[in-house]
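Only one structure is covered here, and it is reproduced in the block below.
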Amino acid sequence: MKRKTILRLCASTFAATLLGVAPAMAQQVVKIGYSGPLSGGAALYGKNVLSGMEMAIKEINEAGLEVAGQKVKLEVVALDDKYNPSETAINTQRLVQEHKAAAVLVPHSGGSFAVQAINEQQKVLLLSYTSVPQITEKGNKLTLRIPPEFTSYIKPFVGHAMGKYGKNVAVANADHDYAKAWTAAFKPAWEAAGGKVVAENPMSYNRATDFYSGVSRVLASKPDVLFIGGASEPTGLVVKQARELGFKGGFVIIDQAKMDEIGKITGGYGPLEGSIGVLPVVEDSTAVTKAFVERFRKLNPGRDPSSEVSLNYSAVHATALAMKLAGSTSDAAAIRANLDKAFKALPDAYNPHNIDGVNERGGSTANTRVAVIEGGKVREIRLSELAK
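Remember, our numbering sits 2 above the position in the sequence shown when you count from 1.
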């Protein structure tokens, strides 16, 4: 009986082959890891990054991905690192060893630096969501820096704020590694433009919920401009409390904080009058981005996408396309080598920030759009135009 059953199965398979109906192709499951803050003061920031990844993976799987003739299903494995670089390194090892992750996305510079100490040895691609230029200056051959370098913002931001409000600035941003990198670049640029740093008091945005004492300390120096930023929600509290304490000047906001999310804390854009920062995705006027916003809202009722959502969404789409171009889901070097081609070939619908490529060091390039608040409304402007 067993022999007859086996013969029937063989005959059925042979007949199906003759009729052109091949057995279903086995599907390979490929994991993309995530290590970022999912608890604490930066939890919203980390969850936005993860939402962008999940949206991209859903679309990729629905459309169907095939690499080297094999069907591929992507899955994201997310671990909370509480914005702690040592936790990021541990999480990355787990993602590689336990889940065989083809790539790991990390949304902060401290964690990215920690991963760069091990990722080449472990042959895993680091998708680094930070605009710190040192991420790609280290020469790590298995790194993608997802957003363009933040240094491109500094001179235009300085020119706008100083020209509108005055030459005295107080530093009241966050105290984590990324904010420190911004401060280290911003202060000399402000001084080179003829300005003066009248106070400096970084604060623990990721742990504190009340900034009155810290804000009062810098306002005592009577600044014209406050240099602020970290995760969006605590940045909103800093703005709100500065206005309540009588501050009338402008804000230079580092790119980690998003104006639309700050506005939810401050009760709108009014308290942000005169500010300059990155353009909120929901205020982007392009048809491609408007369509992206609507797709996200359908998947996530009651939520709006930030650039953490949209940029990491594009990064995952580009990584999947790079796998297809490389003919491999596991060769990190080949995938990295094809990321420039992948971004260039990425359909507009998957690239709302219009990233136009990846340079030889692994950094993305784009003509970024930023925002200034005038009359309580967002005015969109390209960074290249503002720089003039």
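The beta carbon of each residue, even a glycine, is placed where N, CA and C say it ideally should be.
Please read these numbers as outputs of a predicted model, since none were measured by experiment.
Quickly, what does DSSP pair residue i with across the bridge? List them, please.
| i | result |
| --- | --- |
| alanine 105 | Ile34 and Leu127 |
| valine 227 | Val171 and Gly252 |
| serine 366 | Val360 |
| lysine 440 | Past the edges of the chain, shown from 3 to 390, lies residue 440, and the structure says nothing about it. |
| valine 372 | Val280 and Ile383 |
| threonine 145 | Leu128 |
| glutamate 296 | Bridge partners of glutamate 296: none, in fact. |
| lysine 391 | This structure leaves residue 391 out entirely; the chain is present only between 3 and 390. |
| leucine 323 | DSSP output for leucine 323 lists no bridge partner at all. |
| alanine 176 | Met205 |
For residue i, I'd like the list of residues in its chain whose CB is within less than 8 Å of its CB, leaving aside the five on either flank, ordered along the chain.
| i | result |
| --- | --- |
| alanine 17 | Low confidence applies to alanine 17: its pLDDT is 39, below 50, so where it sits in the model is not reliable, and the reading given next is rough at best. Cβ neighbours of alanine 17 beyond the five flanking positions: none. |
| glutamate 193 | Val199 |
| isoleucine 120 | Ala91, Thr94 and Gln95 |
| alanine 368 | Pro150, His355, Asn356, Ile357 and Asp358 |
| serine 223 | Asn170, Ala172, Val200 and Ala201 |
| phenylalanine 152 | Ser133, Val134, Pro135, Ala183, Trp184, Ala187, Ile256 and Asp257 |
| lysine 300 | none |
| glycine 196 | Met164 and Lys169 |
| leucine 144 | Asn121, Glu122, Lys125, Val126, Leu127, Leu128, Ala334, Ala335 and Arg338 |
How about residue i and residue j: do their beta carbons lie closer than 8 Å?
| i | j | result |
| --- | --- | --- |
| glycine 66 | lysine 73 | yes |
| leucine 348 | serine 316 | yes |
| isoleucine 255 | threonine 268 | no |
| leucine 46 | alanine 80 | no |
| aspartate 83 | proline 39 | yes |
| tyrosine 167 | glycine 276 | yes |
| threonine 132 | tyrosine 180 | yes |
| aspartate 262 | lysine 169 | no |
| lysine 102 | lysine 33 | yes |
| valine 280 | lysine 260 | yes |
| glutamate 202 | valine 160 | no |
| proline 2 | leucine 313 | Residue 2 is absent from the structure shown; the chain starts at 3 and stops at 390. |
| leucine 76 | alanine 351 | no |
| isoleucine 62 | histidine 319 | yes |
| leucine 127 | isoleucine 337 | yes |
Only counting the same chain, and skipping five residues up and downstream in sequence, which positions put a Cβ closer than 6 Å to that of residue i?
| i | result |
| --- | --- |
| glutamine 243 | Phe213, Tyr214 and Val217 |
| glutamine 30 | Gln72 and Val74 |
| asparagine 443 | Any property of residue 443 remains undetermined from this structure, which presents the chain solely from 3 to 390. |
| glutamate 285 | Val380 |
| glycine 365 | Thr138 and Arg147 |
| phenylalanine 253 | Leu228, Ile230 and Ser277 |
| glycine 265 | Tyr271 |
| alanine 44 | Tyr85, Asn208 and Ala233 |
| phenylalanine 112 | One point to set straight first is that residue 112 is glycine, not phenylalanine, in the sequence displayed. Same-chain partners within the cutoff: Pro87 and Asp179. |
To the nearest angstrom, how far is it from the Cα of residue i to the Cα of residue j?
| i | j | result |
| --- | --- | --- |
| glycine 251 | valine 241 | 11 Å |
| alanine 328 | asparagine 302 | 33 Å |
| valine 311 | valine 106 | 16 Å |
| proline 273 | glycine 378 | 8 Å |
| valine 372 | isoleucine 357 | 14 Å |
| leucine 239 | methionine 57 | 29 Å |
| glutamine 123 | serine 130 | 17 Å |
| asparagine 142 | glutamine 118 | 7 Å |
| alanine 163 | arginine 297 | 35 Å |
| alanine 183 | alanine 28 | 47 Å |
| glutamate 362 | valine 295 | 31 Å |
| glycine 165 | aspartate 177 | 27 Å |
| serine 114 | alanine 104 | 16 Å |
| arginine 245 | alanine 335 | 50 Å |
| lysine 140 | arginine 305 | 37 Å |
| glycine 42 | serine 206 | 12 Å |
| glutamate 64 | valine 78 | 15 Å |
| asparagine 175 | glutamate 68 | 45 Å |
| alanine 1 | valine 283 | Residue 1 lies beyond the residue range present for the chain, which begins at 3 and ends at 390; the question has no answer from this structure. |
| glutamate 387 | valine 374 | 13 Å |
| serine 287 | glutamate 235 | 24 Å |
| leucine 221 | glutamate 376 | 23 Å |
| arginine 219 | alanine 191 | 23 Å |
| proline 204 | alanine 70 | 50 Å |
| glutamate 89 | alanine 116 | 9 Å |
| lysine 346 | serine 37 | 27 Å |
Since I believe residue j is in contact with residue i (beta carbons under 8 Å), could you give me their beta-carbon distance rounded to a whole number of angstroms?
| i | j | result |
| --- | --- | --- |
| glycine 35 | leucine 97 | 3 Å |
| proline 87 | glycine 48 | Actually they do not touch by this definition, with Cβ atoms about 14 Å apart. |
| threonine 331 | serine 154 | Actually they do not touch by this definition, with Cβ atoms about 33 Å apart. |
| aspartate 333 | valine 360 | At roughly 17 Å, the Cβ-Cβ gap does not stay under 8 Å, so aspartate 333 and valine 360 are not in contact. |
So, for residue i: in the same chain, excluding its five sequence neighbours on each side, which residues have a beta-carbon less than 7 Å away from its beta-carbon?
| i | result |
| --- | --- |
| valine 23 | Confidence at valine 23 is low in this model, with a pLDDT of 42, below 50, so its placement is unreliable and the value that follows should be read with caution. If we look at valine 23 and ignore the five residues flanking it on each side, it has no Cβ neighbours. |
| alanine 344 | Ala320, Leu323, Ala324 and Leu327 |
For residue i, decide whether its Cβ has a neighbour in chain E, counting only Cβ atoms nearer than 8 Å.
| i | result |
| --- | --- |
| threonine 237 | Protein chain content of the structure displayed is limited to a single chain, and chain E is not contained in it. |
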